[in-house]
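For reference, the structure is listed below as structure tokens.
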Amino acid sequence: MTSISLKAQNIVPLSLLVAVQLLAVYSLNYPVLDLNLLDFLKETSGVMLVIGVLAGWLSYLLPADLKNSLVFLRWKNVLPGHRFIQLCEDDARIDVEKLKARVPSFEELRSDHDAQNSYWYREFYRPLANQSEVASVHKAYLLYRDAAAVSLIMVALFSTAKLVLEPKLSDIAFYSIWIFCCTALGCVVAGSNAGRRLVTTGVAINLCKQQ
0 MTSISLKAQN IVPLSLLVAV QLLAVYSLNY PVLDLNLLDF LKETSGVMLV
50 IGVLAGWLSY LLPADLKNSL VFLRWKNVLP GHRFIQLCED DARIDVEKLK
100 ARVPSFEELR SDHDAQNSYW YREFYRPLAN QSEVASVHKA YLLYRDAAAV
150 SLIMVALFST AKLVLEPKLS DIAFYSIWIF CCTALGCVVA GSNAGRRLVT
200 TGVAINLCKQ Q
């Protein structure tokens, strides 16, 4: 049976994050509860299906490399795997001496970030990719990375809509854009933390299995 990819598994939580942002914008601009909205929300299955399709489409608009750069705020040697040695040295779970024994070219890799990433992926990630501890952190990273990208795209869409359709959207304040901005910022921080955790978790589990 073909397994569902981590990205596909994230469609539901990603859709919920998008829905929460849209609901927050509505609540900010229409603080008085509209009973018609309650009737509308009763049909949540259809609404969430539309939001799910929209969220999935938006998450693919930006290439993975650009989304990684967004999360880690780097243009070169973007992924934490490029610095797995430095990250492992700061992780209390990892015995650095054991890591040095496990990685014969430890000192050479320290200054070669491309080689570091390739080595980490080949030796530490791939053998454990389906293990629950590694897969769950990887799934969290992909979710927050995509959520950050989708939120920023929604910033652009909201800004464009306000400029082009101002008469029709006059009831929605422009400062509502901060909901998307704050969500994007929070997801960037969460994604960055999850990405680093993915790298060190893979190494920590691998070293424990060698005991």
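For the sequence shown, position 118 (counting from the first letter as 1) is numbered 117 according to numbering that gives the first Met the number 0, and the numbering increases by one without interruption. Idealized CB from N, CA, C, for every residue including glycine.
Subject >> Given C186 as reference, the closest of Q85, L13, I3 once Cα atoms are compared >> reply: L13
Original post:
Is it buried or exposed for I84, if we count other Cβ within 10 angstroms and need 16 for buried?
Top reply: buried
Original post:
Between L66 and the rest of its own chain, which residues show a CB-CB distance below 8 Å, the 5 nearest in sequence each way excluded?
Top reply: First, the residue type needs correcting, since residue 66 is Lys and not Leu in the sequence shown. Closer than 8 Å at Cβ, skipping near neighbours: R144, D145, A147, A148.
Subject >> Among L151, G51, R196, nearest to Y124 - alpha-carbon criterion >> reply: R196
**OP:** Work out the CA separation of L69 and V77 for me, nearest whole Å.
**Re:** 9 Å
**OP:** Measuring alpha carbon to alpha carbon, tell me which of V154, N192, D170, E165 ends up nearest I178.
**Re:** V154
**OP:** Assess, as a yes-or-no matter, whether the region 115-131 is touched by the region 157-172 under the definition of 3 or more beta carbon pairs within less than 8 Å.
**Re:** no
**OP:** Inspect the beta-carbon positions of V17 and I50 and report whether they are closer than 8 Å.
**Re:** yes
Original post:
So, N9 versus K97, is the Cβ gap smaller than 8 Å?
Top reply: no
**OP:** Tell me, to the nearest whole angstrom, how far the beta carbon of K6 is from that of L141; I am working on the premise that it is less than 8 Å.
**Re:** 6 Å
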